[in-house]
Amino acid sequence: MWSEFFRFDVRYQLRQPLLWMVTLALMLLGWFSASSDAIRIGGSAGNAYLNAPVIIANQLAILSVLALFLVTMLIAGSVLRDTESGMADLLYTTPMRKSAYLLGRFLAGWLCCLLVFVLVTLSMLAASALGGADPERLGPLTLWPYAWSLGVLLLPNLLFVTALLMLLATLTRSLLMVYVGVLAFMVLWSAAGLLAQRQDGLLLSALLDPFALRALAQATRYYTSTEINQRLPQLTGALLANRVLWTLAALAMLALTVWRFQPLRAGTARQRWSGRLASRLRRQPAAAPVPASPAPAPWLRRAPRLAAATPWLQCWNMLAFDVRAMVRSLPFLIMLLLGLVNFLVNYLVGGTRLDSTPYPLTRLMLQELDGGLNFVLGLVLLFYSGELVYKDRQARIDGLTDAMPVADWVPMLARCGALLALVVLFTAAGVPVAMLIQLVQGGVDYQPGLYLQGSLLAASWYGLMALALLALQVLAGHKYLGYALGVVLLLSERLLQGLGMDNHLYSYAALPTLLYSDMNGYGHYLKGWAWFALYWTLFAGALLMLAQAFWPRGQMPRWHQRWRLALAPAGALRGGRGAALLLSLGAWAACGGWIYYNTSVLNLYLTPAQRLDLRADYEKTWRSTLAVSQPRLVSVQAQVDLYPQQQRAEIRGHYLLQNKGSTALDSLQLQRSSGAEGGTVSRVRTEFLNLPPHTVLRDDQRHGVLLLRLAQPLAPGAQLALDFRLSIEHPGFSNSGRPVPINDNGTLFTFDEFFPQLGYQTARELDDRNARRARGLGEPHRNPARSELAAVQENYLKPLGIQADLVAFDAIVSTAGDQTAMAPGSLKRQWQQQGRNYFHYQLSRPTLPFLSFQSARWQVRSADWQGIPIRVYYHPRHAYNVDRMLAGARAALDYNSRHFGPYPYDELRILETPLYQSYARSFPMTIPFSESLGFINDVRDPAKVDHVFYVTAHEVAHHWWGEQVIAAHMQGGPLITESLAEYAALMTTEQQYGKAAVQRLLRWDLDEYLRGRSADRIGELPLAQVDEQVYLQYRKGSLAFYRLRAALGEAAVNQALRSLLTAHRYQPAPYVTSADLLAQLRAQTPAAQQPLLTDLFERIVLYDNRVLAASTRQRPDGRWEVTLKLRLDKLVADGAGREVAQAYDEPLELAVYGAAGQSLYRGWQHLPAGVSSVTLLLDGARDRPARVVLDPEQLLIDRNLADNSRQFGP
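Quick note: the sequence shown uses UniProt numbering, first residue 1, plus one each step.
As structure tokens, then:
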């Protein structure tokens, strides 16, 4: 009999237009994801092909998550259709096996869902062959990745989802409870995914993912682009366990469904429960006799008389009834509880950096509430928008309610109010929980006013979505179609952004980014946000007016008939309602015009594609001038007047330029800041006041380039004065809401950001090879190779257009009367004038013009190191880690001065900046430090890494590496500026906290380096040739220098670095190269260790060491003998990740530990590559060995540390 149910359901489902609409949407999503970068499912990985095997598998696994919504429509609709149509009573009385009934419907739903995803897979396959993608982005077209993904990922995923929905629908017989179950599953799945943010949670997270996304990510975590393009993950380990686990779970749920299903009317209890209820009823006292009914009163025909306030009272009563019904219902309470659980899990598990979590500040709790609690709210609104519109029809009382003397707008307005009340309840419910967390964790930073303001702002987006979701349900005229349109609406902003359409004027409820900074509050950014919120509120009002004309009342006609009725002479869109609709649309259009004026006239708006086009055009137009010599900066003087409350600045500057070349210069190429690329600054006006006699060859306003032909060429050694005036303004508001440098409290901008520069700026070029190819450009330009000897004449600031060696710097900076202004240099004078504060700064010696200007309202805390004051300027609410910063600065000054050379200045300042700049950065004497990076990190637990101390030490070290030792603008330069600063920070941290803290840092560095290899878009290079690749210069640089220090000793490494600094301290051109660094290191390296230096810095070397077997036995003399079977592999890779095995020509450290973790053996062994055996005799160790570890210090770059250790058997 199961086949009858199967055939009937398959025929029924295949005839549903909604199924094919969803299928078409998924096929289009798969098509565009497989053929372009417009819509990327799961992102991209470095230079991976669009149809790379791993990319295909990842995309199909992500798409299978959407099966939750598809199967809800198929299975829940199929199982509940009998109950909703009244056929259940008849069907359940027929002689049938419940297993046949359930199996038929299960297989029908699973097959239909599988058909949909087979079509989606075929659309992706067709897109790779016919989609018109860039041929360079596509690899060989093979069927195996698609077949593997279908068999290994999609089939088990769909089986699980179908079984889950079948279980929920069969046991609850309630669509509401089915949605609650789906929501609960999504919350738990999301919570399990947060475990992947921790190294010790990767395996558990992979096993707990029924869609295998995280198992797939773990299996391919360290794949290079070549591996991603050529191979699928092996079906072993966590991936195999995941597939088996969730397939068995699906079969178990299916068996549970068959076991628990009872063919009874929904709500009917089992017999044993009904028997108990009957016995209770029998014990009830007999009911009193019913009195005879009185004679009926005569029927009077009267028209209802409604007072003017009656419709509003009706609306209030409907609203109150709906709200009470929702908040008292078990599903609502479960959904609210799920939201709170999601918020708590997000807060407790997510948001960590290394071991560091932030203090529970109010602004951070609001962020967690928005990301955790409100994630659930979007799905709740989607569901209740349909329930509120169709609840009367589902209860079959619509005939009664539609006949009531109630105006059409009353139920519509009441439902809107109910949804808005739901939004308020959800957003308000999380605030007490957030405050309780703050109390438990120390009672820090209670700001009730901010909770109120932040909750209302966060609720605004959901309120707009609630109104639109309700209107879509009414306009669609079909609940499931309304749900489908609602899902599209919820995802519309993200989809439009993927298509390069990021203008908030045409993306519903799209609001500018609104960040809250403890230093600056919401700042002036709230104004732009409020205008966009008003704009979409007016649109939502017009949409509701339109939907009210279609409010379902009586027998619902077809959609086109509803339009005809609404537009009829007596229709709902005529007369006063039509005029109100037009008035609302007019107000919406006027508001949009004002927004356009601010975002696109007062400010500059460019789409993402236009910004890329601008950079490409700059390169095409001006790349030819790269080799044209320019005069060099010798001196910089500036008068900087900051007006923080007005978000503007006035700058007067004086440059002294000198021709340091051997030939006369007949042209001058000046680069003015245009503010066009970032989209945040639209009005930067630069005026040159004393240009020498010249002819203007080209004035490129679009790119800010002014090219002059000098009437009198500038002779070698001659100098040229250049005065200028520039103004910076931020009028109106921008489309994105992206923060600007000048704020009411917290201004920060740099010399290269606004000051005029000379020559071509390579930093403005496109570095994405795909974007370059699409615009007719070749491969990305890398920094000059070490073989290009002329490059040593330029330093690492050259890409910014800073044509300078060492310059003298003098500046007067003024700001508001309640603020302190900062710039590099010693404070020579401070005064007040006309209510403003003035500060005169001067650097005591020439240095690179790497300069910053800041202003804010700070408190100050000071410390002293050998007579040098260290001052931290911080926001009054952020005093938590100021002492740690002072300690880190003192320790770094001490370590670097003792081992490398003296600190070059008489003061050190650390300055807190708003979270808009989420970095710490070292300038001469000053270190701007973001409030989001170190000031609020909770590092009270001594077992965790003191990230604040470590970052402070890194930035202080730049006063040696990057300032005193200046790297040339060529490959290998970042090894000097960043890798050496990382090494100094590691040594400072180890000196303060010991090796255990450094081991945790290095473990994180190893993970970041190995993951960075897969995302590299330009190809990995050895460290000695490192380019602008963060994962190499920071992460691998730390690993390399720490291993070198372990091999040579700290004294030898530091002596090499001290010799480097002594030989090149503040050396102008020719600048220092990685070859200079390696020469000093080789001078301190014994001959036997020279190959190690080559491996670390001139080759890309990885290891794959494994313990295959381990056994122990106790000898008669009481000593323990350990026998190990090992496999050792040493691999050398190229830039694309292709690996070649090499001879294992170096010693390997082995360690044996007891059950309590005590060390029983540490020693070095020389072993060959491949499989080998080694026997160790543990002299003096009487405790039983419990575990063996290869490379216990984790000095080697090994992609799988888990197989480097093994427990001994009993």
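Note that beta-carbon positions come from the ideal geometry of N, C-alpha and C, so glycine has one too.
Own chain residues within Cβ distance below 7 angstroms of residue i, not counting five before or after
i	result
Tyr47	A small correction: the amino acid at residue 47 is Asn; Tyr does not occupy that position in the sequence shown. Result list for Asn47: Ser225, Arg1017, in chain order.
Phe211	Ala61, Ser64, Val65, Asn157
Leu481	Leu18
Asp1179	Arg1119
Pro1068	Asp805, Leu806
residue 1212	Coverage of the chain is limited to positions 1 through 1210, which leaves residue 1212 absent and any answer about it impossible.
Within 9 angstroms, strictly: CB atoms of residue i and residue j
i	j	result
His969	Glu794	yes
Pro928	Gln854	yes
Asn745	Ala856	yes
Pro904	Arg845	yes
Leu1124	Asp1198	no
Ala892	Ala967	no
Asn342	Tyr49	no
Trp1004	Leu980	no
Phe117	Leu150	yes
residue 1213	Val54	Only positions 1 to 1210 of the chain appear in this structure, which leaves residue 1213 out of reach.
Ala1155	Asp1129	no
Gln197	Val349	yes
Simplified DSSP state of residue i, which is helix, strand or coil
i	result
Pro974	helix
Ser128	helix
Thr663	coil
Glu1050	helix
Leu1010	helix
Pro512	coil
Phe949	helix
Phe375	helix
Pro608	helix
Ser1205	strand
Pro713	strand
Glu687	strand
Contacting residues, own chain, Cβ-Cβ under 8 angstroms from residue i (five flanking each side not counted)
i	result
Gln284	With a pLDDT of only 44 at Gln284, under 50, the local geometry of the prediction cannot be trusted, and the value read off the model is given with reservation. No residues qualify anywhere along the chain.
Leu14	Cys112
Tyr873	Thr820, Met822, Ala856, Trp858, Gln859, Val860, Arg909, Ile910, Leu911, Glu912
Arg272	Here Arg272 scores only 41 on pLDDT, less than 50, and its place in the model is too uncertain to base an answer on.
Residue from the options with nearest C-alpha to residue i
i	options	result
Gln1165	Trp110, Gln1142, Val1189	Val1189
Ser734	Val636, Phe923, Ala804, Phe532	Phe532
Ala711	Gln719, Thr820, Phe724, Pro692	Pro692
Met365	Thr1073, Val1152, Leu158, Ser455	Ser455
Trp461	Leu1176, Leu490, Asp700	Leu490
Glu978	Leu1039, Thr142, Arg829, Asp1145	Leu1039
Tyr261	Pro140, Gly151, Leu103, Val349	Just to set this straight, residue 261 is Phe in the shown sequence, not Tyr. Considering only alpha carbons, the answer is Leu103.
Arg890	Pro876, Arg877, Gly867, His875	Gly867
Asp1076	Ala920, Arg1058, Ala1087, Pro1086	Arg1058
Gln647	Phe749, His694, Glu687	Phe749
Arg685	Thr362, Thr695, Val696, Gln671	Gln671
Met885	Phe949, Pro824, Gly825, Arg921	Phe949
Below-9 angstroms beta-carbon distance, residue i vs any chain D residue
i	result
Leu758	Looking at the structure shown, chain D is missing, and only one protein chain is on hand.
Cβ shell of residue i (< 6 angstroms), same chain only, five flanking positions each side left out
i	result
Val10	Ala108
Asn1054	His899
Heavy atom of the ligand ATP within 8 angstroms of residue i beta-carbon
i	result
Ala1151	With respect to the ligand ATP, the structure offers nothing, as it holds no ligand at all.
Item to check | Segment contact, 8 angstroms Cβ cut-off, at least three pairs: the stretch 984-994 with the stretch 1087-1107 | outcome: Contact fails between the stretch 984-994 and the stretch 1087-1107, because fewer than three Cβ pairs, one in each stretch, are under 8 angstroms apart.
Next on the checklist: For the pair the stretch 419-429 and the stretch 374-381, tell me if three or more CB-CB distances fall below 8 angstroms.
Outcome noted: Segments in contact, yes.
Checklist entry - Touching or not, the stretch 719-732 and the stretch 653-660, by the rule of three or more beta carbon pairs under 8 angstroms? => result Judged by Cβ distances under 8 angstroms, the stretch 719-732 makes contact with the stretch 653-660, as three or more pairs qualify.
Next on the checklist: Below 8 angstroms, how does it come out for the stretch 384-392 and the stretch 473-487: are there three or more Cβ pairs, yes or no?
Outcome noted: Verdict: yes, contact present.
Next on the checklist: Does the structure place the stretch 1011-1030 close enough to the stretch 1132-1151 that three or more beta carbon pairs sit under 8 angstroms?
Outcome noted: In the pairwise beta carbon analysis, the stretch 1132-1151 is classified as touching the stretch 1011-1030: at least three pairs are separated by under 8 angstroms.
Checklist entry - Contact between the stretch 997-1013 and the stretch 1026-1037: three or more CB pairs below 8 angstroms? => result Look at the beta carbons and you see the stretch 997-1013 touching the stretch 1026-1037: at least three pairs across the two are nearer than 8 angstroms.
Item to check | Three-pair Cβ contact test at 8 angstroms for the stretch 20-38 versus the stretch 118-135 | outcome: The count of Cβ pairs closer than 8 angstroms, one atom from the stretch 20-38 and one from the stretch 118-135, reaches three, so the stretches are in contact.
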